[in-house]
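To keep things clear, I will list the structure first and then write my remarks on it.
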């Protein structure tokens, strides 16, 4: 098979979307939502701005056709902050196309995927409205995916649901029937402040934090030795630590704060992880005399559907049937990392949390996570996506939907 040609229409739309900053935090999706709604309207598709759960952060829902099955395409509006623009080789919101790649914040995660969903919805609309295709299509452009805000769940609750869901994320065309969840905790470790010239007269919260770190390391080792899943093992990682920054340099701090990131595979619950963190801090108090309190500050539930669900098998088959340029069929190669060649035809789970959980857990709708681009590109400086892969993704999605909606 020859090389996939870049798709000028797709490249232009994805570039336009990347050029609209929709950073979250703080949650400025409004301009992106307006753009998507107006584009769909210009293409003859009725779309609504949904002002719940936050009127300052609207999202988009659209329905095409009335038949069954009803398939939902979901690609979120928000992106993580770009950070220091001087660290980028391009303007992070310039929508720059260079050497066959689209650069910019959200190019991989997931503005190009959103553009694909919009274009495929437009292209299928005539057949859906004339009943040449029996089913119907719903398009989501939700807010708040990056910070676990209830964007997708609200769209589902407000009538933009269906029988099947495809959550578009950069998976390198692999079909994830499982998503790993996430629970984030803030641990506050308390000591007793004193002058640094007499440290023994107080209790240094930093010293106590060392014991907390050791306990978390042991907890992580235990988790890694447990049962594996399609999404990989459970993990516990400290991602932030702060102490003594709000006082004089010569003061032994009486407070230290740590952030614990706990990855939650399918089969575990957020509530059970809460119990584990409670046990960890209780053991520290009993065994080490460490005064540590925890608060859960963010959570994404894990989710899963059967690996042989017809939705997953259809999308796997279509993805494997259109091989990437220069790769063998049913594989993707570049960037495969320690996994080696990633076979798109094999069952797989994504190690990141996605809004598939809202479909599966909240609404009881079977859903998969799938899309062009590599997860390793997401959230990075000089984030980018190969436009040939984007074009391939558009073709795969349209063919899969024609099969599912027939």
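Numbering (my numbering), first residue to last: 10 to 415.
Beta carbons are placed, not taken as given, at the ideal position from N, Cα and C, and that holds for glycine.
Go through its chain and collect everything with a Cβ distance to residue i's Cβ below 8 angstroms, but skip five positions before and after it.
i, result
"residue 73", "54, 130, 133, 134, 137, 138, 145, 146, 147 and 148"
"residue 344", "A caution first: residue 344 carries a pLDDT of 36, below 50, which makes its placement in the model unreliable, though a value can still be read off. Answer for residue 344: 181, 383 and 385, listed in chain order."
"residue 22", "48, 124, 127 and 128"
"residue 263", "199, 200, 201, 202, 211, 212 and 214"
"residue 415", "142, 143 and 144"
"residue 111", "20, 23, 24, 27, 104, 105, 121, 393, 394, 396 and 399"
Got a sec? Which residues, its chain only, sit under 7 angstroms from residue i by beta carbon, not counting five neighbours each side?
i, result
"residue 293", "220, 221, 224, 299 and 301"
"residue 356", "186, 239 and 316"
"residue 289", "224 and 228"
Among the residues of its own chain, which have a CB less than 6 angstroms from the CB of residue i, if the five just before and after it don't count?
i, result
"residue 371", "162"
"residue 159", "62"
"residue 41", "29, 31 and 86"
"residue 337", "Here residue 337 scores only 36 on pLDDT, less than 50, and its place in the model should not be relied on; the value that follows carries that caveat. No residues qualify anywhere along the chain."
My understanding is that residue i touches residue j, with C-beta atoms under 8 angstroms, so please give their C-beta distance in whole angstroms.
i, j, result
"residue 386", "residue 179", "6 angstroms"
"residue 251", "residue 197", "Not really, about 10 angstroms apart at Cβ, beyond 8 angstroms."
"residue 66", "residue 184", "The pair is not a contact, with the Cβ atoms about 30 angstroms apart (cut-off 8 angstroms)."
Would you call residue i buried or exposed, if buried means 16 or more other Cβ atoms sit within 10 Å of its Cβ?
i, result
"residue 258", "exposed"
"residue 85", "buried"
"residue 256", "exposed"
"residue 277", "buried"
"residue 291", "exposed"
"residue 363", "buried"
"residue 403", "buried"
"residue 18", "exposed"
"residue 14", "exposed"
"residue 366", "buried"
"residue 24", "buried"
"residue 275", "buried"
"residue 233", "exposed"
"residue 109", "exposed"
"residue 312", "buried"
Does the Cβ-Cβ distance between residue i and residue j come in under 9 angstroms?
i, j, result
"residue 175", "residue 119", "no"
"residue 310", "residue 273", "yes"
"residue 59", "residue 76", "no"
"residue 152", "residue 38", "yes"
"residue 377", "residue 314", "yes"
"residue 406", "residue 173", "no"
Unbroken stretches of the alpha helix (DSSP H), 4 residues or longer, contained in the stretch 73-152: Here the runs fully enclosed are 121-138.
- prompt: Can you list, in chain order, the stretches of the beta strand (DSSP E) that have 3 or more residues and sit fully within the stretch 162-203?
  reply: With a minimum length of 3 residues, the continuous beta strand (DSSP E) runs that stay inside the stretch 162-203 are 173-177, 185-188 and 190-199.
query: At which residue ranges does the stretch 351-399 contain complete beta strand (DSSP E) runs of 3 or more residues, listed in the order of the chain?
result: For secondary structure counted as the beta strand (DSSP E) over 3 or more consecutive residues, the stretch 351-399 holds these complete runs in sequence order: 357-359, 376-379 and 393-395.
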